[in-house]
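Numbering-wise, the sequence shown is residues 6 to 449 according to my numbering.
Notes to accompany the following structure.
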Amino acid sequence: MTFATLGLIEPLLRALETLGYQTPTPVQAQAIPAVLAGRDLMAAAQTGTGKTAGFAVPLLQLLTMEGPKVAANSARALILCPTRELAEQVHASVAEYAQNLPLTTYAVYGGVSINPQMMKLRKGVDILVATPGRLIDLFRQNALKLNQLQTLVLDEADRMLDLGFSEELANIYRMLPKKRQTLLFSATFSDEIRTLAGQMLNDPLSIEVSPRNVAANTVKQWVVPVDKKRKPELFVHLMRKGRWKQVLVFAKTRNGVDALVDKLQGLGINADGIHGDKPQATRQRALDRFKSSEVQILVATDVAARGLDIEDLPLVINFDLPIVAEDYIHRIGRTGRAGNTGEAISLVCADEVNMLSAIEMLTRQTLTRHMEQDFEPEHRVPDTDASGQVVKKPKKPKKPKTSGGGGKRNLGKWVDSGEVAPSEPSIKPVRKVPVFNTGPRKKK
Ligand code: AMP
């Protein structure tokens with residue numbers, strides 16, 4: 006299948022070719038014809054599936070081929086996103102897809118001054134990407150009217166609800182024209198999402214795309230519990246013990262990347278880092294050197310690593326767990342490709358238990374835990390399982406410290422996290438973690 010067979014117009018085909026998109030991804034193959042036919046969509050698709058082009062490309066075609074010119078202070082299509090970062094990212098993609106079309110695009114979000122946004126909206130924009138709170142502010146200040154709206158896209162609808170936007174969505178719903186096309190994308194489909202979909206969608210077509218590598222049983226995955234402060238030491242220990250040759254390491258933050266690279270380089274280990282603060286050329290150079298084995302360890306943030314074209318790796322290390330559970334799947338998808346076996350090891354500290362739980366729930370498996378001798382954590386990582394439960398054991402009275410870490414259980418033994426000592430019966434679930442919450446939403 007090609008993009009041309011999906012019925013796309015020439016300026017869009019040219020843009021996709023420029024971007025190097027050769028074949029439609031499964032979500033695009035299903036979404037593009039449905040959106041072009043004017044259907045509402047309810048799509049279960051995560052980041053990394055190509056969902057943005059799945060809705061944006063046919064939307065651009067419809068806006069080019071049909072409908073009136075955009076009026077002042079109006080938008081013809083609205084894409085709602087949970088975060089400012091996603092709004093920026095989606096807007097950048099939309100602008101790339103629209104590069105050969107006479108359409109205008111713009112992104113608005115909170116945390117920055119509203120005045121330039123109001124000015125920009127005066128002439129109207131064909132496609133507006135927005136976070137819910139700022140959209141409502143602009144609407145209330147009469148900077149934006151929605152009576153010309155043809156299409157509404159709810160991107161990452163589950164995250165919007167997780168971040169507490171349900172009231173805003175209900176308000177926006179009341180501002181929308183009744184006759185419109187609505188496309189809803191969500192990684193998960195909770196009852197709340199289904200209720201939202203029932204309200205907002207009209208006879209939607211359901212699309213489901215299984216996330217890449219969820220069932221990648223060619224990747225051997227396990228977790229090593231450790232105290233946060235000892236992670237660098239554990240990393241070096243495991244690296245030496247396992248004689249790691251080429252490793253992609255994920256850290257949560259840019260500072261985290263820099264700190265680990267400094268530490269490794271200080272020990273004479275051939276390491277480099279990539280993150281969003283580094284210029285593209287520097288990132289590319291680090292990547293090229295990693296690919297040609299000049300650099301042994303490449304440490305990256307999720308954002309910098311997204312879209313990295315690395316063929317197949319034997320080993321991926323999660324130095325920190327990702328904030329968004331789906332990123333775990335993208336990370337481990339770098340190894341075990343094309344039937345090769347791979348390993349993905351996560352160094353997990355007690356603070357990360359909710360992230361671990363969200364990952365296990367998403368991948369529908371309980372990750373095996375391996376206690377590394379002499380690195381057993383003082384701050385225990387509570388048990389987790391694929392149901393999303395985090396189980397806390399009652400605190401035992403502290404034993405006086407003995408030197409050399411003697412007397413501890415499970416030394417060097419493979420322990421399945423589901424394995425629970427029978428002498429500890431009062432384990433009770435304390436919290437259900439449906440999808441890892443990225444923290445409280447900033448006040449707008
Ligand atoms: P998304 O799931 O929309 O965030 O897209 C994930 C990544 O895949 C982005 O870097 C896109 O540029 C890229 N992408 C989307 N569709 C295709 C395609 N058909 N061929 C190649 N890359 C694609």
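Using N, Cα and C, we set each Cβ at its ideal position, and we do this for glycine too.
#1: Where do the N-terminal and C-terminal ends of the beta strand (DSSP E) with methionine 47 fall, by residue?
#2: Rounding to the nearest angstrom, what Cα-Cα distance links proline 375 and tryptophan 227 in this structure?
#3: From which residue to which residue does the alpha helix (DSSP H) around glutamate 238 run?
#4: With burial defined as no fewer than 16 other Cβ atoms inside 10 Å of the residue's Cβ, what is the status of leucine 372: buried or exposed?
#5: Tell me, please, which residues DSSP counts as bridged to glycine 25.
#6: In terms of alpha-carbon separation, which member of Ile84, Ala80, Val262, Leu106 lies closest to arginine 127?
#7: For arginine 351, write down the residues that DSSP places opposite it in a beta bridge.
#8: Specify the secondary structure class of aspartate 332 as computed by DSSP and reduced to three states.
#9: List in chain order: all unbroken beta strand (DSSP E) runs of 3+ residues lying wholly within the stretch 71-154.
#10: What are the start and end residues of the alpha helix (DSSP H) that includes arginine 164?
#11: Under 7 Å: does the beta carbon of alanine 58 sit that close to some heavy atom of the ligand AMP?
#12: Give the secondary structure of lysine 268 by DSSP, where H, G and I count as helix, E and B as strand, and everything else as coil.
#13: With a CB to CB cut of under 7 Å and the five nearest residues on each side skipped, what residues in its chain are close to glycine 412?
#14: Rank Ala49, Ala76, Asp267, Tyr178 by C-alpha distance to the C-alpha of leucine 108 and give the top, closest one.
#15: Compute the Euclidean distance between the alpha carbons of glutamine 146 and glutamate 90, then round it to the nearest angstrom.
#16: Are the beta-carbon atoms of leucine 361 and threonine 389 separated by less than 8 Å?
#17: Hey, quick one: how far does the beta strand (DSSP E) through serine 298 stretch, first residue to last?
#18: With glutamate 377 and valine 229 assumed to form a contact (beta carbons below 8 Å), what rounded beta-carbon distance in angstroms separates them?
#19: What are the boundary residues of the alpha helix (DSSP H) that glutamate 213 is part of?
#20: Is the beta carbon of leucine 106 less than 8 Å from the beta carbon of leucine 65?
#21: My output table needs one value for threonine 306: the three-state DSSP class, helix, strand or coil.
#22: Taking 7 Å as the cut-off, is the CB of threonine 30 close to at least one heavy atom of the ligand AMP?
#23: Taking 7 Å as the cut-off, is the beta-carbon of leucine 303 closer than that to any non-hydrogen atom of the ligand ZN?
#24: Could you tell me if the beta carbon of glycine 281 falls within a distance shorter than 7 Å of some heavy atom in the ligand AMP?
#25: For a test of your reading of the model: does the CB of glycine 12 fall under 7 Å from any non-hydrogen atom of the ligand AMP? Yes or no.
#26: Spatial neighbours of glycine 273 within its chain, please: C-beta separation below 8 Å, excluding the five flanking residues on both sides.
#27: Can you tell me the Cα-Cα spacing of proline 31 and alanine 192, whole angstroms?
#28: What are the partner residues of threonine 340, as DSSP defines its beta bridges?
#29: What separation, rounded to the nearest whole angstrom, lies between the Cα atoms of glutamate 383 and asparagine 359?
#30: With a 10 Å radius around its C-beta and 16 neighbouring C-beta atoms as the bar for buried, classify threonine 346 as buried or exposed.
#31: Should threonine 54 be listed as close to the ligand AMP, given that the test is whether its C-beta is under 7 Å from any heavy atom?
#32: Counting along the chain, where does the alpha helix (DSSP H) carrying glycine 12 start and finish?
#33: Say the cut is 7 Å; is the CB of tyrosine 26 nearer than that to a heavy atom of the ligand AMP?
#34: Tell me the DSSP bridge mates of serine 191?
#35: Please work out which residues of its chain come closer than 8 Å, Cβ to Cβ, to aspartate 277, disregarding the five sequence neighbours upstream and downstream, and give them in chain order.
Concretely, from the data shown:
#1: For methionine 47, the enclosing beta strand (DSSP E) stretches over residues 46-49.
#2: The amino acid at residue 375 is misidentified as proline; the sequence shows histidine. The straight-line gap from Cα to Cα measures roughly 7 Å.
#3: Run containing glutamate 238: 236-247, per the alpha helix (DSSP H) assignment.
#4: By the neighbour-count rule (16 or more Cβ atoms within 10 Å), leucine 372 is buried.
#5: According to DSSP, glycine 25 bridges with nothing at all.
#6: Among Ile84, Ala80, Val262, Leu106, the Cα nearest to that of arginine 127 belongs to Ala80.
#7: Here the sequence assigns serine to residue 351, which means arginine is not the residue at that position. Partner(s): Val228, Asn323.
#8: Note: aspartate 332 maps to helix in three-state DSSP.
#9: Listed in chain order, the beta strand (DSSP E) runs fully inside the stretch 71-154 are 80-85, 110-113, 130-135, counting runs of at least 3 residues.
#10: Boundaries of the alpha helix (DSSP H) around arginine 164: 162-167.
#11: Alanine 58 Cβ: within cutoff of the ligand AMP.
#12: Of the three classes helix, strand and coil, the one that applies to lysine 268 here is helix, per DSSP.
#13: Any reading at glycine 412 must be qualified, since the residue scores a pLDDT of 33, below 50, and its modelled position is unreliable; no value is offered.
#14: Minimum Cα distance to leucine 108 is reached at Ala76.
#15: Using only the alpha carbons, I get a separation of about 24 Å.
#16: Contact flag set, yes.
#17: Segment: none, serine 298 is in no beta strand (DSSP E) and carries neither H nor E.
#18: Their Cβ separation, rounded to whole angstroms, is 5 Å, which keeps glutamate 377 and valine 229 in contact under 8 Å.
#19: No alpha helix (DSSP H) holds glutamate 213; the beta strand (DSSP E) holding it covers 210-213.
#20: In contact: leucine 106 and leucine 65 (Cβ atoms closer than 8 Å).
#21: In this structure, threonine 306 counts as coil in the three-state DSSP scheme.
#22: Under cutoff, so the answer is yes.
#23: Summarising the ligand content, the structure contains the ligand AMP and does not contain the ligand ZN.
#24: For the ligand AMP, no non-hydrogen atom lies closer than 7 Å to the CB of glycine 281.
#25: No.
#26: Counting only Cβ-Cβ distances below 8 Å, and skipping sequence neighbours, we find nothing.
#27: If you draw a straight line from the Cα of proline 31 to the Cα of alanine 192, it is about 15 Å long.
#28: Threonine 340 is bridged to Leu318.
#29: Spanning the two alpha carbons is a distance of roughly 18 Å.
#30: Exposed, by the Cβ-count rule.
#31: Yes; taking the cut-off as 7 Å, the Cβ of threonine 54 has a heavy atom of the ligand AMP nearer than that.
#32: According to the DSSP assignment, glycine 12 belongs to no alpha helix (DSSP H), since it is labelled neither H nor E.
#33: The answer is yes for tyrosine 26.
#34: Beta-bridge partners assigned by DSSP to serine 191: Ala49.
#35: Here aspartate 277 has Val266, Ala291, Arg294, Phe295, Val300, Ile302, Leu303, Val304 as same chain residues with Cβ atoms under 8 Å from its own Cβ, once five neighbours each way along the sequence are excluded.
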